[in-house]
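The end of the sequence shown is residue 217 by my numbering, with every number in the run present. We put the CB at the ideal spot given by N, CA and C, even for glycine.
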Amino acid sequence: MFTFFITIAFLYFMFNWIKKNFTKPIEVIATAIKNEKTIDYFNESKNDCELTYISNEYNKLYDKLKNEIQINKDLTYIDSLTNIKNRKAYTEKLKEDLSLTKRYNTPFCMMILDIDDFKKINDSYGHKMGDNVLIEVSKLIENNIRENDHLFRIGGEEFVIIFSQTILENAKIVSEKIRAIIESDLNTIKNQKITVSIGLSEVTLEDNEDTIFKRVDTLMYKSKNNGKNKVSIG
């Protein structure tokens, strides 16, 4: 009888030892992989050297892959030519700011900027020169907007700036500054003045993604139709 109890006690001890030193660590590894997380169960002070090595190597691989995934994700929001944010990034930022406006009545303004006579530039100087103009316009704008302003190229020669948490009067100052600097400082083509037409408006509580864009786009075309190189506000 005594031997029987000793055997049971030994088996119970071995069961718990195996569970603690093998089953539990393996479960931790499996759970971490399933949940796409790093493993923080092991450390070098324990005697499970092989499992510690596996967990550490897994963590290194996970961190590397996560970093590469984030890099690739970030690239999907970048315009490959100008290296500024693209239309996808614009759509997400607009949704975000519209949500803040409706929830907290936080103001923001949107500006649409279109390069005047851009087709003539391409036709006269070639598409390579046209690309250079787009790149230089992007750089000039980025260098002259504030930290909380967001610049996007949404297609062709058309750009959007979202002035987050900004009222119309302040956005108007920045928009006019950008128009003037492009006219005076953009020297991509020798002896060729390049100008832009701009539409600018402040969001309202009734706006959605379509209404704010259409209003600003109409204002931009108002600038085009009134002689170009202007900022129209509404």
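Since isoleucine 67 contacts leucine 123 with CB under 8 Å, what's their CB separation in whole angstroms? Locating residue 67 in the sequence shown gives position 84, where the first residue counts as 1. Locating residue 123 in the sequence shown gives position 140, where the first residue counts as 1. Your pair isoleucine 67 and leucine 123 does not check out as a contact, with CB atoms roughly 12 Å apart and the cut at 8 Å.
Burial state of lysine 160 (16 or more Cβ within 10 Å): Residue numbering aside, residue 160 sits at position 177 when the sequence shown is read from its first letter. Counting the other CB atoms within 10 Å of its CB gives lysine 160 a total below 16, which places it among the exposed residues.
Between the region 87 to 101 and the region 180 to 190, are three or more C-beta pairs nearer than 8 Å? By the Cβ test, the region 87 to 101 is in contact with the region 180 to 190, since at least three Cβ pairs between them sit closer than 8 Å.
Within 10 Å of its beta-carbon, does serine 63 have 16 or more other beta-carbons around it, so buried, or fewer, so exposed? If you number the sequence shown from 1, residue 63 lands on position 80. So serine 63 ends up on the exposed side.
Between the alpha carbons of threonine 201 and asparagine 105, how many angstroms are there, rounded? The residue given as residue 201 occupies position 218 in the sequence shown. The residue given as residue 105 occupies position 122 in the sequence shown. So the two alpha carbons sit approximately 24 Å from each other.
Return the CA-CA distance between aspartate 190 and aspartate 80, expressed in angstroms with no decimal places. Within the sequence shown, the letter at position 207 stands for residue 190. Within the sequence shown, the letter at position 97 stands for residue 80. Annotation: aspartate 190 to aspartate 80 spans about 11 Å, alpha carbon to alpha carbon.
Quick one, which of Gly139, Glu75, Lys85 and Lys71 has its alpha-carbon nearest aspartate 114's? In the sequence shown, residue 114 corresponds to position 131, counting from 1. Sorting Gly139, Glu75, Lys85 and Lys71 by C-alpha distance to the C-alpha of aspartate 114 places Gly139 at the top.
Leaving out the 5 sequence neighbours to the left and right, which residues in its chain are closer than 8 Å to leucine 188 when beta-carbon positions are compared? Residue 188 sits at position 205 when you count from the first residue of the sequence shown. Cβ within range, chain order: Thr84, Lys85 and Asn88.
Within the continuous beta strand (DSSP E) that includes arginine 136, where are the two ends? Counting from one through the sequence shown, the residue named residue 136 turns up at place 153. 132 to 138 is the span of the beta strand (DSSP E), which, as asked, contains arginine 136.
Residues near glutamate 141 in its chain [Cβ-Cβ closer than 6 Å; skip 5 each side]: Locating residue 141 in the sequence shown gives position 158, where the first residue counts as 1. Excluding residues within five positions, the ones whose Cβ falls inside 6 Å are Asp97.
Kindly indicate which residue of Ile195, Lys197 and Lys176 has the alpha-carbon position closest to the one of lysine 211. For the purposes of this step, residue 211 is taken as residue 228 along the sequence shown, with counting starting at 1. Comparing C-alpha distances from lysine 211 to each of Ile195, Lys197 and Lys176 shows the shortest one belongs to Lys176.
Can you list, in chain order, the stretches of the alpha helix (DSSP H) that have 4 or more residues and sit fully within the region 92 to 178? The alpha helix (DSSP H) runs of length 4 or more contained entirely in the region 92 to 178 are, from start to end of the chain, 101 to 108, 110 to 125 and 151 to 168.
Reducing DSSP to helix, strand and coil, say where glutamate 189 ends up. The residue you call residue 189 lines up with position 206 of the sequence shown. Glutamate 189 carries a coil assignment under DSSP once its states are collapsed to helix, strand and coil.
Sort Gln148, Ser107 and Leu169 by Cα distance to serine 82 and report the nearest one. Translated into positions along the sequence shown, residue 82 becomes position 99. Restricting attention to Gln148, Ser107 and Leu169, the CA atom closest to the CA of serine 82 is found in Gln148.
Output the distance between the C-alpha atoms of arginine 198 and serine 215, rounded to the nearest integer angstrom. In the sequence shown, counting from the first residue as 1, residue 198 sits at position 215. In the sequence shown, counting from the first residue as 1, residue 215 sits at position 232. One C-alpha to the other measures close to 11 Å.
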